[in-house]
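Chemist:
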Amino acid sequence: MDFTPSELMAVSGARELKDGQIVAVGIGLPMVASFLAKKSHAPNMIILFELGVIDPEPIHTGVGLADPRVWYRAKTHSSFVDILGTVLHRGRVDVGFLGGIEADPFGNLNTTMVGDPKGKFRHMVGSGGANDIASCAKKTIIIMRQEKRKFRQTISFVTSPGFVNGGDSRKKAGLQGGPSRVITDKAIYGFDPETKAMMLVSIHPGSTLRDVTSTLGFEPIVPPHVPFTEPPTSEQLRLIREVIDPERMYME
Amino acid sequence: MKKLCSLSDAVASIPSGSHVALSGFAITRCAMAFAREVIRQGIKKLTISQCVGAMDTDLLVGGGAVERLVYGGGTLDRFGRLACVNAGIENGSLSAEEYSSLSIAFRYLAGSLGIPFIPIRSLSGSSLLSRLQEQSQPHAAFINDPFTGDRWLVLKPLLPDVAVVQVQTCDEEGNAWIMGPKWDSPEQAKASSRTIVIAEHVVPTEMIRREPERCVIPNLLVSHVVELPFGAHPTSLYREYDYDADEIRRYVEAAKKPDSWKTYLDKYVYGVKDHWEYLELVGGLRHLRSIQADPILGY
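Here you go:
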């Protein structure tokens, strides 16, 4: 069956979500992953947008969380203090999705700047709710494209902390949770339970181990046996293509 | 005291150097007419705060009105970056204190409650925090919980001089309804010394009394009320009008280069005497009707 890397990323994200979970979502692939889970195996999952939206059912795609298209048919319209405060900060969010311009082996993410923070740099988006989700969700899932310049041993700015310097350094910084998966267009990674460094979990069909390691700026942990990622089902592809993102707004 | 006034009178009440909290979020419910009038009146050296940086802030920065920005990052969603804000940060002309959405919201919340600081789980272990700690008078510090002994990051309150909040409906006293998600608007208004409400519709107080549960900003917080149709244009106002994609694209294109940006300001800000002339410039009633919200969809 034909599918694009973005479709496999969305499906892989959806598979990480369980029915009944509370999930903090941003625009793009995380939104496709969440709506896909909700429309298939997780109908009772609750979707949150940071600005104050609970459980929307959009019928049109939006340009961002600020687009009223993605608030359509929500059950609650409230506020940052309500969603990020009384739900996320209170410890009720099971899964948060994150993306980044740069990531390091411990799942720390940069969305703030590229270049030299003390010299010449280009300022990008910053945090929004990303740092809050990275700090307060029970676990996070990172979804981003895999390129050498994006996955680096050292990143120029940590907007959203993952496992900080590895080991127990996240705990020492006073943070619970942490990233559980990194989903890219080449593979899926987890984190080593001891060192908290990125560890290969599965390789997407069509990619080789060499494709995977040659597009990372560091060496991931590679277990002796690495399976291929399960491909999307025809029903998952139909939902993505016909129901969730018919205009290919989120899938690139 | 009569609060209902013109946009220019409301803006004239803000001295240069004030701290202004703005109600925009990316490309929605932005105080755009307000920003254009601030630039026309030549108000300078403002401190702007906002949970998520939006088009109202970007225009004010591009118009030379802002000295300092306290925010949680931001974009114009798919339309592009906050080009004026980012350029100011990159060339050092704008002093920016960067947080996350919740840490700004909590700073407003602390301000609204009149408490001296607020504990937060966010920011720890990030470069955002190390940057904030490098400041000469940091607004972030660590303390020990007097009950458990646990170490907590605490933030100082934000206490803006004035909140400028774009809403759908209010009365002449400033009792305001906000339809749709409210992001940081309620805490902005409550933390600030006073609030300027800019409403699409000013209705009789009797209507407010009939549905008091809808009131988000009570009149006791409000100093000025401005009735202004399409005051958030080209950003959206939920249940009133959609964002004007072509106009936002024009803005984003113009903000890429100093020359085209100057032309943009000359045309859309300095080239018009007031908001009414601006509405004619962008296409008048015929065009504005085309972005009016569908009553069921809200956009």
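Sequence order for the protein chains is A and B. Position 76 of the first sequence, counting from 1, maps to 76 under the numbering used here, and the rest follow consecutively. Position 195 of the second sequence, counting from 1, maps to 195 under the numbering used here, and the rest follow consecutively. Glycine included, each C-beta is placed from N, C-alpha and C at the ideal position.
Reducing DSSP to helix, strand and coil, say where LEU237 of chain B ends up.
Modeler: In the structure shown, LEU237 of chain B adopts extended strand secondary structure according to DSSP, grouped into three states.
Chemist: Kindly indicate the opening and closing residues of the beta strand (DSSP E) around THR208 of chain A.
Modeler: Element bounds for THR208 of chain A: n/a, residue is neither H nor E.
Chemist: May I ask you to verify whether the segment 211 to 229 of chain B touches the segment 261 to 269 of chain B, counting CB pairs closer than 8 Å and requiring at least 3?
Modeler: no
Chemist: Within 8 Å (strictly less), CB to CB, does TYR189 of chain A reach chain B?
Modeler: no
Chemist: Closer than 7 Å, Cβ to any Cβ of chain A: which residues of the segment 173 to 184 of chain B, in chain order?
Modeler: Of all residues in the segment 173 to 184 of chain B, GLY180, PRO181, LYS182, TRP183, ASP184 have a Cβ within less than 7 Å of some Cβ in chain A.
Chemist: Any contact of the segment 92 to 108 of chain A with the segment 9 to 28 of chain A, i.e. 3+ C-beta pairs under 8 Å?
Modeler: Because the criterion of three Cβ pairs below 8 Å is met, the segment 92 to 108 of chain A and the segment 9 to 28 of chain A touch.
Chemist: By DSSP's criteria, PRO181 of chain B is part of a beta bridge. Which residues make up the other side?
Modeler: According to DSSP, PRO181 of chain B bridges with nothing at all.
Chemist: My output table needs one value for ARG145 of chain A: the three-state DSSP class, helix, strand or coil.
Modeler: coil
Chemist: Are ILE47 of chain A and VAL25 of chain A touching if we call contact CB-CB under 8 Å?
Modeler: Yes, the Cβ-Cβ distance between ILE47 of chain A and VAL25 of chain A is below 8 Å.
Chemist: According to DSSP, is ARG107 of chain B helix, strand or coil?
Modeler: helix
Chemist: Below 7 Å between beta carbons is the criterion; list the residues of the segment 2 to 17 of chain A that meet it against any residue of chain B, in chain order.
Modeler: none
Chemist: Let me see if you follow: with CB-CB separation under 8 Å, is GLY73 of chain B close to chain A or not?
Modeler: Closer than 8 Å: yes.
Chemist: Can you list, in chain order, the residues of the segment 233 to 264 of chain B whose Cβ is nearer than 7 Å to any Cβ on chain A?
Modeler: Flagged, chain order: SER236, TYR238.
Chemist: Give the DSSP-derived three-state secondary structure of THR205 of chain B in the structure shown.
Modeler: helix
Chemist: Buried or exposed: ASN131 of chain A, going by 16 or more other Cβ atoms within 10 Å of its Cβ?
Modeler: buried
Chemist: How about HIS233 of chain B and VAL282 of chain B: do their beta carbons lie closer than 8 Å?
Modeler: yes
Chemist: So what does DSSP say about SER49 of chain B, is it helix, strand or coil?
Modeler: Collapsing the DSSP output to three states places SER49 of chain B in a strand.
Chemist: For the 8 Å Cβ check, are there 3 or more pairs between the segment 187 to 201 of chain B and the segment 220 to 228 of chain B?
Modeler: yes
Chemist: Name the DSSP beta bridge partners of TYR313 of chain B, please?
Modeler: This structure does not reach residue 313 of chain B, given that chain B is present from 1 up to 299, and the question cannot be answered.
Chemist: Residues in its own chain within less than 7 Å of PHE35 of chain A by CB, not counting five upstream and five downstream?
Modeler: ILE244
Chemist: DSSP three-state label for LYS139 of chain A, please.
Modeler: strand
Chemist: Do ILE43 of chain B and LEU22 of chain B have their C-beta atoms closer together than 8 Å?
Modeler: no
Chemist: Considering only the alpha carbon of each residue, which of B:LEU128, B:LEU69, B:GLU247, B:VAL162 lies closest to VAL158 of chain A?
Modeler: Looking at the Cα atoms, B:LEU128 is the closest of the given residues.
Chemist: For the beta strand (DSSP E) holding ILE188 of chain A, just list the boundary residues, first then last.
Modeler: For ILE188 of chain A, the uninterrupted beta strand (DSSP E) run begins and ends at 187 to 191, by DSSP.
Chemist: Identify the contact partners of SER78 of chain A in chain B, using a Cβ-Cβ distance below 8 Å as the criterion.
Modeler: Listed along chain B, the residues sitting closer than 8 Å to SER78 of chain A by beta-carbon distance are PRO181, LYS182.
Chemist: Listed in chain order, which residues of the segment 1 to 25 of chain B have Cβ atoms closer than 9 Å to some Cβ of chain A?
Modeler: GLY24, PHE25
Chemist: Which value, in whole angstroms, describes the spacing of the CA atoms of PRO295 of chain B and ILE120 of chain B?
Modeler: Straight-line Cα distance between these residues: approximately 39 Å.
Chemist: Start and end of the beta strand (DSSP E) containing LEU4 of chain B?
Modeler: No residue range can be given for LEU4 of chain B, since it is assigned to no beta strand (DSSP E) and is classified by DSSP as neither H nor E.
Chemist: Can a CB atom of chain A be found closer than 8 Å to the CB of ILE118 of chain B?
Modeler: no
Chemist: Roughly how many angstroms lie between the CA atoms of ASP246 of chain B and SER202 of chain A, to the nearest whole one?
Modeler: 43 Å
Chemist: Going along chain B, which residues have a C-beta under 8 Å from ARG122 of chain A?
Modeler: ASN86, GLU90
Chemist: What does the Cβ neighbour count give for PRO43 of chain A, buried or exposed, with the cut at 16 atoms within 10 Å?
Modeler: exposed
Chemist: Counting only beta-carbon separations shorter than 8 Å, does GLU57 of chain A have a partner in chain B?
Modeler: no
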